[in-house]
Amino acid sequence: MSVAASSSSDQQSATAKAVEAEAPTGSSKPAPASPTEVRSGELQHSLVRRLTRLNLQVLSSAMVLSFGLIAAILWLGARERQAQAAELSAQLLANSLAPMLVFEDQAAASAELAAFVRRGEVLEVRAFNAALKVFVQWQAASSAPPVPGASMAAAAAALPAGMDHGQGLRFMRAAEVEVWVPIRLKGELVGSLVLRESLQNLQMLLLKLISAAALLIAVAIAIAWRVLRRVQQRALAPIVELSRLAEQVSVDQDFTRRATVHWPDEVGRLSERFNQMLQRVETTQAELNLRLRQEQEAGQQFEQLAHRDALTQLPNRLYFQSALERHMAASCQNVELMALMFIDLDNFKSVNDKHGHEAGDEVLREVARRMSRVLRGNDVLCRLGGDEFGLILPTLPNDTAAEQLAVRLIAAVREPLYVGEHLMPIGATVGLAFCPTDEVDAAHLLVAADVAMYAAKRAGKNTFRRASHAGS
Ligand SMILES: Nc1nc2c(ncn2[C@@H]2O[C@H](COP(=O)(O)OP(=O)(O)OP(=O)(O)O)[C@@H](O)[C@H]2O)c(=O)[nH]1
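Sequential numbering of the sequence shown, starting at 1, is according to the UniProt record's numbering.
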């Protein structure tokens, strides 16, 4: 597969920039972008935008989900650690309180408790004796009523079945942790200690962590959006370029355009196939145009042949009819004088009879040439058939001009005419009719000119007669 020279990284980046600027590029014959080509909705619905949005949605969902899981694991881990620390602290306090409980030294126990609760998280501490009576206690001012109860009896009643206050226990709640530890002296159970600690500091820490992470995620998504857009603009540049080219070709029907093949990948192959298709359409169109031109030329030739006399190359009777009608219509409309000459050769039959048909043909050709030489530029001389000719004289200044032309024409035909060494006894008789003075209808004008011609024949040939004087 051939890869165009444009597959270099320079062109690639140039194309990406061009696509970024939303300007059409990439065909081998790039067209200037018209404002209509860059439609307003194009940016909004572009492939690059859609893919960038989808990628960002997936990326941000994955980031938020990952962070949610990490935050949950962190919360559970930190809570477990605080619970373990609370159990250890409670056990140490229980060990300190054990002799005071045995000797019922509440003052010393209260002092010990006061030192213990300096830790910020403590909500409540209670020590019970073996008879489940409160021996010493401390409760933070902000603390809610103790759970499971104020008295050990109530607390014991709230304990799960099969457990007693001699066992270590732990209750985890949303905002606090509660631990129960036995108070033993030399292995003998002398009481129990319950410690409630707040998890609010931990919650605040986690909240700060979540806020910082949310900020980081937002920054990461913003950076990812810019990077993804750039990357996708570059990656999708050939597709965008191909789409623009297809649009341009459909608008201006210029099949000589070609797509640039950037890389030998699927899009590159698509571009190649598109180019091949354009090539085929271009070839087919060129063939069609050529055939159309040939047919037009053949039609024109055929039309010319249909209106031309093969012997003299003058317009024939068919052409004469339409030309006469056209010129008469113009004459009547513009109120301009025009004339029709009906010309019949004199003694032509004798040429055929004496010198043969070939000589007769040569005489007809020569007479046509001679008459053509004396005409004005816009006069129309036609061969009507046999030795008869029709001459249309449009836009005459006056009727005398037509008469003078008839005289010149008769004289030209009368000039000595030789075929080989033989002088041909040829002359011309002319009938002259005017439009609109004699007739305004083509058929009637032709009859009038014919009648005038026969009047001239009767008058001795080699002369002309006007239709208006045909009777004389
Ligand atoms: N050579 C030749 N002769 C033709 C052609 N068409 C018609 N003719 C002959 O032209 C002659 C015309 O005859 P006429 O016009 O009646 O005879 P004419 O001798 O001219 O008679 P006047 O008009 O009275 O002088 C006929 O003999 C036709 O056969 C042609 O194409 N070539």
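Idealized CB from N, CA, C, for every residue including glycine.
Proximity test, residue 484 beta-carbon vs ligand 1 heavy atom, cut-off 6 Å: Since the first residue shown for the chain is 1 and the last is 472, residue 484 is missing from the structure and cannot be characterised.
Beta-carbon proximity of A448 to A433, cut-off 7 Å: yes
Cβ-based burial, F128 [other Cβ within 10 Å; buried from 16]: buried
Residue of A141, S110, A72 minimising C-alpha distance to R126: S110
Distance, R49 Cα to R226 Cα: 11 Å
heavy atom of ligand 1 below 6 Å from N352 C-beta: yes
Host alpha helix (DSSP H) of S266 (start-end): The displayed chain sequence assigns Glu, not Ser, to residue 266. Taken as a continuous stretch (DSSP letters only), the alpha helix (DSSP H) holding E266 covers 266-306.
Span separating the alpha-carbon of L54 from that of A85: 46 Å
Burial state of A131, where buried means 16 or more other Cβ atoms lie within 10 Å: exposed
CA nearest to the CA of Q200, picked from T284, E366, R173: R173
Under 7 Å between C-beta atoms of N378 and P397: no
Residues bridged to Q139 [DSSP beta-bridge criterion]: E124
V413 and A428 closer than 7 Å at C-beta: yes
Among F67, E197, V190, nearest to S96 - alpha-carbon criterion: V190
Run of the beta strand (DSSP E) containing V419, from where it starts to where it stops: 417-419
Bounding residues of the beta strand (DSSP E) (the contiguous stretch that carries F434): 427-435
Beta-carbon gap between L381 and L318 smaller than 7 Å: no
Through-space distance from D254 to L245, alpha-carbon basis: 10 Å
Close-in-space but distant-in-sequence residues of the same chain around H307 (CB under 7 Å, 5 per side omitted): P315, N316, L318, Y319
Bridge-paired residues (DSSP) for D346: G427
Option nearest R258 by Cα separation, candidates D265, Q285, Q248: Q248
R365 versus Q333 - alpha carbon distance: 35 Å
Bounding residues of the beta strand (DSSP E) (the contiguous stretch that carries L193): 188-198
Between the CA atoms of E297 and F274 - distance to the nearest angstrom: 34 Å
E282 to I221 span [Cα, whole Å]: 48 Å
Per-residue DSSP class, three states only, for E388: strand
With 16 other Cβ atoms within 10 Å as the buried cut-off, status of I426: buried
beta-carbon D309 near ligand 1 non-hydrogen atom, thresh 6 Å: no
Outcome for A72 when other beta-carbon atoms lying within 10 angstroms are tallied against a minimum of 16: exposed
Expected contact under 8 Å - CB spacing of F135 and L101 to nearest Å: 6 Å
Euclidean distance between Cα positions of S350 and A443: 30 Å
CB contact flag (V181, L193, <7 Å): yes
Assigned exposure category for R312 - 16 Cβ within 10 Å defines buried: The amino acid occupying residue 312 in the given sequence is Thr; Arg does not appear at that position. Classification for T312: buried.
Assumed close pair A359, V419 - CB separation to whole angstroms, cut-off 8 Å: 4 Å
Q91 versus I70, L76, F116, residue with shortest Cα-Cα distance: F116
R244, DSSP secondary structure in three states: helix
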